[in-house]
Amino acid sequence: ALDTLAYEQYPLLSEAQIKTLVLDDKWMARLEAALQGELARVSQTLTGRIRELAERYATALPQLTDEVATLAARVEEHLRRMGATWK
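In this note's numbering, the protein residues as written are 1374 to 1460.
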């Protein structure tokens, strides 16, 4: 019943009304939804990458250098106790 009423309106539509229905109501709505989805995906990807980089570079180089020196000294001490020689 509702479909019949809708079909009866088709011949009464002007070209401008048809373009509005097709372009604005259907095509543009789908395009907008697709663009919003793509923007959300790109935004999430960038956010994740920024977090990853922030975690990677959160520790300053001098602090990392100090940690490496401390750990190297511990390794050398363990190797010395085991009787290993090097250098």
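For glycine and all other residues, C-beta sits at the position ideal for the given N, C-alpha and C.
Quick caveat, the model's predicted, so the values are computed rather than measured.
Would you identify the three-state DSSP class for Gly-1410, choosing helix, strand or coil?
Taking the first residue of the sequence shown as position 1, residue 1410 is located at position 37. Note: Gly-1410 maps to helix in three-state DSSP.
CA-to-CA distance, Ser-1416 to Val-1448, given in whole angstroms:
Within the sequence shown, the letter at position 75 stands for residue 1448. Within the sequence shown, the letter at position 43 stands for residue 1416. For Val-1448 and Ser-1416, the distance between alpha carbons rounds to 44 Å.
Ala-1452 - containing alpha helix (DSSP H), residue span
Walking along the sequence shown from the start, residue 1452 turns up at place 79. Reading the sequence as shown, one finds Leu at residue 1452 and not Ala. It spans 1434-1454 - the alpha helix (DSSP H) in which Leu-1452 sits, taken as one unbroken run.
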